[in-house]
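Below: the structure, in structure tokens.
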Amino acid sequence: MSNPPVGVVGFDDSESKDEASIALKKRKKSGGFQLMGLSYPVLKGVLKRGYKVPTPIQRKAIPVALEGRDIVAMAKTGSGKTASFLLPMFEKLKEHSGSGFRALILSPTRELALQTYKFIKELGRFTTLRPVIILGGDSMDSQFSSLHGNPDIVVATPGRFLHLCVEMELKMSCVQYVVFDEADRLFEMGFSEQLTEILQRLPENRQTLLFSATLPKVLVQFAKAGLNDPILIRLDLESKIPDTLELEFFHCRPEEREAGLLCLLKHVIEPDRMTIVFAATKHHVEFLHFMLTQSGIDNTYIYSDLDPAARKINAAKFQSGKVKVLVVTDVAARGIDIPQLDYVINFNFPAKPKLFVHRVGRCARAGRKGEAFSLVTTDELCYLLDLHLFLGRPLSMVTSEEKVEAGKDGYFGRIPQTLIEEELSAFISWSDTCCEIAPMKKVCNNGYKNYIKSRPGASKDSVRRAKNIDVEKMRIHPLFAKICHSESKKFEFINKVKNYKPKTTIFELGQSSSSVMSLSTRLFRKMNQQNVENFHRKKEEAKGKELQPKASSTVTNLEKSNVEDIEDTFQEVITQRKRRKLKTAGDEQESKKRTKIDLENYVPYKPSDEHYEKGLAIDELHAKSSHGILDLIGDSTDMMRNQKRTEKKWDPAKKKYVANNNKEKMIRSESGQWIPASMKSGRYEKWQERTKARQTEESDDDDESNKPAPSSMRLNTHWSRHNLKVSQKQQKPQIDINLERILKQRKIKEKRRQRNGRKPNKTKFKKKSAKFNKV
1 MSNPPVGVVG FDDSESKDEA SIALKKRKKS GGFQLMGLSY PVLKGVLKRG
51 YKVPTPIQRK AIPVALEGRD IVAMAKTGSG KTASFLLPMF EKLKEHSGSG
101 FRALILSPTR ELALQTYKFI KELGRFTTLR PVIILGGDSM DSQFSSLHGN
151 PDIVVATPGR FLHLCVEMEL KMSCVQYVVF DEADRLFEMG FSEQLTEILQ
201 RLPENRQTLL FSATLPKVLV QFAKAGLNDP ILIRLDLESK IPDTLELEFF
251 HCRPEEREAG LLCLLKHVIE PDRMTIVFAA TKHHVEFLHF MLTQSGIDNT
301 YIYSDLDPAA RKINAAKFQS GKVKVLVVTD VAARGIDIPQ LDYVINFNFP
351 AKPKLFVHRV GRCARAGRKG EAFSLVTTDE LCYLLDLHLF LGRPLSMVTS
401 EEKVEAGKDG YFGRIPQTLI EEELSAFISW SDTCCEIAPM KKVCNNGYKN
451 YIKSRPGASK DSVRRAKNID VEKMRIHPLF AKICHSESKK FEFINKVKNY
501 KPKTTIFELG QSSSSVMSLS TRLFRKMNQQ NVENFHRKKE EAKGKELQPK
551 ASSTVTNLEK SNVEDIEDTF QEVITQRKRR KLKTAGDEQE SKKRTKIDLE
601 NYVPYKPSDE HYEKGLAIDE LHAKSSHGIL DLIGDSTDMM RNQKRTEKKW
651 DPAKKKYVAN NNKEKMIRSE SGQWIPASMK SGRYEKWQER TKARQTEESD
701 DDDESNKPAP SSMRLNTHWS RHNLKVSQKQ QKPQIDINLE RILKQRKIKE
751 KRRQRNGRKP NKTKFKKKSA KFNKV
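Heads up, the sequence shown is in full-length UniProt numbering, so the first residue is 1 and it goes up one at a time.
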């Protein structure tokens, strides 16, 4: 009989055996990182970080990654995807090795790469692994030296990393672990060519992991081409936003948007709470930064065109808590983790529901509570309806007839007009005293016009329903109702006056009650009273149905990739509840039946950005047409022999075709693709000559070959000792001094002496120059 398990008493009978096995199963199922088989240094870093229980994506992805399988993982933002690929990486690399970097992590933005690098240093501080970071805009010389320091992990952005690969002719044969973080964002930002080129330079026996929040079709095709028998881990279908996140929406006019932002920051949000404000363009970011500074609110800002050093400094100010408000564009909408963040404000409402989810996902991460406020104008109501259809939530408008439920979020109300007018008056006084506000406001308006041109359109149903929303009947939002109680009473009185409808008609004005006109009008009204009531009742019912979300619209638009594509790419899919295999002989018929049933019950839904996915958007057509080329070839054989093939490209400024010399500025890479010639500029060779890196490498390689044999292995003869002395005399010391530069400096010093009226020291100069010539 086997020994009883620890902590189980009475293991003799069968009932106690069953109870003990159930207890062990429960204990194993509810365990933390200790049951994942992590090594002691990795587990110690996890516990020091404060993690006790893994998140669902970590519980599903880490064991599969430890098996060495390729993974495509999908989960909502803030679910712990970074630790899901870092912990298996630490287990795979174990300790430092001097053979070159063995892990590569590609991130779409600088901020996300810096966050991943910081996270690696915190989680892996008890290991001997060495990480480096490669970012665009930083000094290439420092990046050359960091790659020469034999790192184990490289965190990089795709553009600069490919530049270093071409410039340094990197051989990545030692790479074992590759991670594409926020892979859908990498493709959205146009890094598909760089990713394909990097992927072709990597070895085939690597382990590749793709972590993303969505699953577009291009990502499925990339996984099918670049991954080996991948597993799809999909945990994004149950909820799109955290349960601890509260959403609030405020209606305002376009000219009152800045005043609405100030009302939220002054009257709703506490001064010691950290807040991110998302704006549409970089011009709005600069204007809001200036406006908040004028109003006495300490803030900082970040956008993509900002200097890299300034972006790093401003981000550090906000993350350290020196500044409580950060104004950003969508460059910070992905992956940035700020644990102390409490509020997110959408100054410009996003056009895509997925972008809204990524924005508000910066707060309420890892079980924390958070609130997201959004300013919505009349032209953005259709996007608000699209968002609620995407989330599957009803739109709760605060009207005069509706009672606000306690503890409920998601209300759509307005800001008190007294507070708006107060902030607008202060803004007008700033405009009179400061001459910079008016031009900045004008630039913002021009930038917003261009932003509207590039903004994708909402769905037709949402546009139609948005026209039926009566904004005038909207009451003050519950967050401001406590602050401005008198304002709510005033609004209710004005609303009653607006909604007052007299029972008499215009034909009865100035007539006595016994006149023929008044008697006939009252008789006509009494005869048709039932028809009028039925008409108004049907109108109200139709309006109520228009505002309710349809069941067909709750289907998520993440299903852009077909079921057939997913089954062809992934043989195994892991969901929240179970792990199932596809394309097996036994389950093939069941999968066909399941897909057949799904298609029978499937209600078609077209997302608002479907034309972008198909490549039918106007801006994409304009971008593709700008790359159009006119080829002119001679008609006869003589012309074809004498005339070289010319390519001309349409120049919109000159309004004619001009010579296209793009191919002259392109070079062919090792994989056969054309890449910009600026990536091979020779800066690496110049850096090697300047720092003597090549000589040190050669000396390190030849240390073992040039090292003399030990005395026990050398022949102790007369000729061996004689040859050893001769070889030591012939070896000249290596002088790492540029003699020409020293002589040039001495000539310059002598010229200065002559200019200042001193006698030149000719003898000393001749002796030293002759000495260096001998050397």
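Glycine included, C-beta positions come from ideal geometry on N, C-alpha and C. Predicted, not measured: the structure shown is a model, and the values here were computed from it.
Check                                                                                                                                                                             : Outcome
Using a Cβ-Cβ cut-off of 7 Å (strictly less than) and excluding sequence neighbours within five positions of Ala61, which residues of its own chain qualify?                      : Ile71, Ala73, Ser84 and Ile233
Please state whether DSSP places Asn531 in a helix, a strand or coil.                                                                                                             : helix
Beta-carbon separation of Gly137 and Gln194 under 8 Å?                                                                                                                            : no
Would you check if the distance between the CB atom of Ala279 and the CB atom of Asn348 is smaller than 8 Å?                                                                      : yes
Is it true that the CB of Phe373 sits closer than 8 Å to the CB of Ser396?                                                                                                        : no
Output the boundary residues of the alpha helix (DSSP H) element that contains Phe427.                                                                                            : Gln417 to Thr433
Just to confirm, is the Cβ distance from Asp181 to Leu112 under 8 Å?                                                                                                              : yes
Could you give the uninterrupted runs of the beta strand (DSSP E) lying entirely in the UniProt domain "Helicase C-terminal" (260-406), keeping only those of 3 residues or more? : 274-278, 299-302, 325-328, 341-346 and 370-376
Should the stretch 412-423 be called in touch with the stretch 245-260, which here means at least 3 C-beta pairs below 8 Å?                                                       : yes
What residues in its chain sit with their C-beta under 8 Å from that of Leu135, if we drop five residues either side in the sequence?                                             : Arg110, Ala113, Leu114, Ala156, Thr157, Arg160 and Pro308
Going by DSSP, what residue range makes up the alpha helix (DSSP H) through Thr196?                                                                                               : Ser192 to Arg201
Just grab the DSSP bridge partners of Phe90 for me.                                                                                                                               : For Phe90, which the question treats as bridged, DSSP gives no partner whatsoever.
At which residues does the alpha helix (DSSP H) containing Arg443 begin and terminate?                                                                                            : Contrary to the premise, residue 443 reads as Val rather than Arg in this sequence. Its alpha helix (DSSP H) spans residues Ile437 to Ser454.
Beta strand (DSSP E) containing Ile231: first to last residue?                                                                                                                    : Ile231 to Arg234
Please report the Cβ distance between Ile297 and Arg311, rounded to the nearest whole angstrom; I am assuming they are in contact, meaning their Cβ atoms lie under 8 Å.          : The pair is not a contact, with the Cβ atoms about 21 Å apart (cut-off 8 Å).
By DSSP, does Lys747 sit in helix, in strand, or in coil?                                                                                                                         : helix
Quick check on DSSP: helix, strand or coil for Lys654?                                                                                                                            : coil
Measuring alpha carbon to alpha carbon, tell me which residue in Leu219, Glu540, Lys354 and Lys317 is nearest Ile338.                                                             : Lys317
I want to check one thing, is the minimum distance from the CB of Phe287 to the heavy atoms of the ligand GTP below 7 Å?                                                          : Among the ligands in the structure shown, none appear at all, so the ligand GTP cannot be discussed.
Pick helix, strand or coil for Ser139, following the three-state DSSP scheme.                                                                                                     : coil
Residues bridged to Ser173 by DSSP?                                                                                                                                               : The partner list for Ser173 (beta bridge, DSSP) is empty, contrary to what the question assumes.
Does DSSP classify Met474 as helix, strand or coil?                                                                                                                               : strand
Using DSSP with H/G/I as helix, E/B as strand and the rest coil, what is Phe101?                                                                                                  : coil
Within 8 Å (strictly less), CB to CB, does Tyr451 reach chain B?                                                                                                                  : Included in the structure is just one protein chain, with no chain B present.
How big is the Cα-Cα spacing for Thr569 and Leu219?                                                                                                                               : 11 Å
Along the beta strand (DSSP E) that carries Pro131, what are the first and last residues, could you check?                                                                        : Pro131 to Ile134
My understanding is that Leu341 touches Gly370, with C-beta atoms under 8 Å, so please give their C-beta distance in whole angstroms.                                             : 7 Å
Report back the beta-carbon spacing between Gln511 and Ser518 to the nearest angstrom; my notes put them in contact at under 8 Å.                                                 : 5 Å
If you measure between the beta carbons of Leu391 and Ile241, is that distance less than 8 Å?                                                                                     : yes
Quick check: what's the CA-CA separation for residue 776 versus Gly682?                                                                                                           : Within the shown structure, residues of the chain are numbered from 1 to 775, placing residue 776 beyond reach of any answer.
When the Cα atoms are used, what is the spatial distance from Leu355 to Ser192?                                                                                                   : 20 Å
According to DSSP, Tyr411 sits in a beta bridge with which residue or residues?                                                                                                   : Ser396
Is the beta carbon of residue 776 sitting closer than 8 Å to the one on Arg257?                                                                                                   : The chain is shown only over 1 to 775; residue 776 falls outside these bounds and no answer can be derived.
Applying the 10 Å Cβ sphere with the 16-neighbour rule, what's the burial state of Phe222?                                                                                        : buried
Can you check whether the CB of Thr208 is closer than 8 Å to the CB of Asp184?                                                                                                    : no
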